[in-house]
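In the numbering used here, the protein residues as written are 37 to 282.
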Amino acid sequence: MTVAVAVPHYRRIEQALRERIASLKPGDELPSDAELCTQFGVSRMTARNAMQVLAEEGLLVRRPGRGSFVAEPPAHRMANRLLTFSHEMRRRGRTPSSRLLARELRPATTTEAGDLGMAAGEQIVSLRRLRCADGQPMAIEAAVLDRRVAPVVMAADLARGSLHEALARGGYVLRRGSATIRAEAATSEDARLLGIRKGDPLLVERRTILDAQGRRIEATESRYPGSRYALDVWFDVEQSPATDAG
């Protein structure tokens with residue numbers, strides 16, 4: 037029997053605000069910390085933490101003395117932040133949808149088991165979707181997930197809804213992860229599903245995501261047409277060690 041963990045208060049506030057932001061326009065005002073305290077029955081610190089997470093993701097801007105407002109959507113996703121595809125497309129003013137290509141319970145391959153930190157042959161959830169924006173194919177997404185989330189994933193509406201939103205509603209809090217990004221040429225299947233030519237450049241992102249307890253929950257490969265998708269990167273410049281002039 038799978039027992040879902042309780043969702044922290046600040047995550048509930050985050051989720052509610054994400055859904056609200058998706059239906060608002062840039063510049064629209066959001067509730068104050070005090071209003072969130074009243075609405076959710078939490079402390080000011082909890083409300084502030086939720087708002088800060090969304091500010092760091094670029095979903096809102098906080099203006100001292102004035103309040104919090106919906107931010108202008110960036111041109112691309114920030115490489116150091118993972119937004120759900122649905123939220124990312126809504127921020128761009130586009131309507132997200134998915135075509136479910138496969139959803140099943142099956143034994144993990146050796147590679148999948150390594151990605152999820154389990155033994156080969158253990159049961160996993162396998163999910164494959166074509167992600168679209170305004171009906172245009174944007175990505176082929178193949179995910180494998182820990183079997184403990186199977187009841188949530190197998191029952192979720194993944195044609196119109198978000199996988200991560202479904203997991204959050206089921207009590208599974210995803211907190212951090214790692215990813216590698218590389219360029220690849222489109223295969224025949226990529227070309228057919230994405231409406232591009234075989235050999236066209238793809239941006240391929242492979243990531244593993246952990247929950248609040250540090251358990252590996254999801255390993256995903258997303259294949260984006262290079263002409264339709266990009267990642268923005270903010271970085272610090274590493275300083276060279278000062279040389280001893282003497």
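Idealized CB from N, CA, C, for every residue including glycine. As the structure is a prediction and not an experimental result, all values here were calculated from the model.
By the criterion of a C-beta distance shorter than 6 Å, Ser162 is surrounded in its chain by Glu140, Arg142 and Val180, once the five residues flanking it on both sides are discounted. Under the DSSP assignment, Thr216 falls in the beta strand (DSSP E) whose first and last residues are Leu210 to Ala221. In this structure the stretch 184-194 does not touch the stretch 215-233; the number of beta carbon pairs closer than 8 Å is below three. Under DSSP, no beta-bridge partner is assigned to Asp151. Residue environment for Val185: buried (at least 16 other C-beta atoms within 10 angstroms of its C-beta). In the three-state DSSP reduction, Asp272 falls in the coil class, being neither helix nor strand. Between the stretch 84-97 and the stretch 229-245, the count of C-beta pairs closer than 8 Å stays below three; the two stretches do not touch. In its chain, beyond the 5 residues on either side, Ala86, Ala204 and Val209 have a beta carbon closer than 8 Å to the beta carbon of Arg47. Among the bridge pairs identified by DSSP, Phe105 is matched with Glu65 and Val97.
Within the same chain, and ignoring the five residues on either side of Thr131 in sequence, the residues whose Cβ sits closer than 6 Å to its Cβ are Asp170. Assignment of beta strand (DSSP E) within the stretch 117-201, counting only whole runs of 3 or more residues, yields 132-143, 159-169 and 172-182 in chain order.
A residue is called buried once 16 or more other Cβ atoms fall within 10 Å of its Cβ, and Ser122 is buried on that count. If you draw a 10 Å sphere on the C-beta of Ser276, you find fewer than 16 other C-beta atoms in it, and that means exposed. Residue environment analysis places Ala144 among the buried positions, since at least 16 neighbouring C-beta atoms fall within 10 angstroms of its C-beta.
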